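So in numbering that gives the first Met the number 0, spot 64 of the sequence shown is number 63, and the numbers just go up one at a time. Note that the Cβ used here is the ideal one computed from N, Cα and C, for glycine as well. Only a predicted model underlies this, so the values are computations on that prediction, with no experimental measurement involved. These notes concern the structure reproduced below.
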Amino acid sequence: MNPRRIHELMRQKFPPIEHACREWAVVDDSAHIEALMTEYVCALEVLVEVHRKLGALLPIEEAARFAAAHIGEGEIRIADRGFNGFVVVARNGVATGWRLPDDLLLQRTALPPAQREP
């Protein structure tokens with residue numbers, strides 16, 4: 000999956016971050032980022048976008064190293080392919096994560112494809 004496709008998916012499916020409503024923690028290495036991804040994303044492979052020209056589909060361990068190497072270059076967004084779990088690493092080196100509530104997941108999967116929100 001190329002960076003352009005990842006950027007397109009992130010624009011379409013990544014929910015608003017609501018910066019002021021989130022709890023943020025300082026992440027100074029890939030181990031902290033990987034811990035957040037393990038807690039919130041729960042997938043073997045994740046989409047990582049640093050900015051529109053830099054993104055990849057990577058295994059979770061590699062994605063953590065990739066994100067840590069690019070802190071400060073953009074607001075890094077990380078999600079599973081189903082866009083159910085999310086991690087954001089801000090330019091200043093703080094990160095947050097969340098999962099969609101279970102009732103929202105059930106609503107999304109229960110609707111036929113034509114009725115799902117973009």
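Among the options, the one whose alpha carbon lies nearest that of residue i
{"i": "isoleucine 75", "options": "Ala94, Leu8, Arg3 and His18", "result": "Ala94"}
{"i": "alanine 66", "options": "Gly84, Phe13 and Leu46", "result": "Leu46"}
{"i": "asparagine 91", "options": "Leu99, Phe85, Asn83 and Glu72", "result": "Glu72"}
{"i": "alanine 62", "options": "Asp28, Pro14 and Gln11", "result": "Asp28"}
{"i": "proline 100", "options": "Ile16, Leu35 and Asn83", "result": "Asn83"}
As assigned by DSSP and simplified to three states, the class of residue i
{"i": "histidine 50", "result": "strand"}
{"i": "alanine 34", "result": "helix"}
{"i": "glutamate 44", "result": "strand"}
{"i": "phenylalanine 65", "result": "helix"}
{"i": "proline 2", "result": "helix"}
{"i": "alanine 59", "result": "According to the sequence shown, residue 59 is isoleucine rather than alanine. Isoleucine 59: helix per DSSP, three-state reduction."}
{"i": "alanine 158", "result": "The requested residue 158 does not occur in the structure, where the chain is confined to residues 0 to 117."}
Inter-residue Cα distance where the pair is residue i and residue j
{"i": "leucine 56", "j": "threonine 37", "result": "16 Å"}
{"i": "alanine 19", "j": "arginine 3", "result": "29 Å"}
{"i": "methionine 9", "j": "histidine 31", "result": "22 Å"}
{"i": "tryptophan 97", "j": "glycine 81", "result": "14 Å"}
{"i": "phenylalanine 13", "j": "arginine 51", "result": "14 Å"}
{"i": "asparagine 1", "j": "glycine 54", "result": "7 Å"}
{"i": "arginine 115", "j": "glutamine 11", "result": "Because arginine 115 carries a pLDDT of 49, less than 50, the predicted location of this residue cannot be relied on, and the following value inherits that uncertainty. Taking the straight line joining both Cα atoms gives about 12 Å."}
{"i": "arginine 64", "j": "isoleucine 70", "result": "10 Å"}
{"i": "tryptophan 23", "j": "proline 58", "result": "24 Å"}
Cβ-based burial, residue i [other Cβ within 10 Å; buried from 16]
{"i": "glutamate 48", "result": "buried"}
{"i": "glutamate 33", "result": "buried"}
{"i": "leucine 43", "result": "exposed"}
{"i": "alanine 68", "result": "exposed"}
Beta-carbon gap between residue i and residue j smaller than 8 Å
{"i": "alanine 78", "j": "valine 40", "result": "yes"}
Any C-beta of chain C under 8 Å from that of residue i
{"i": "tryptophan 97", "result": "Absent from the structure is chain C; it holds one protein chain and no more."}
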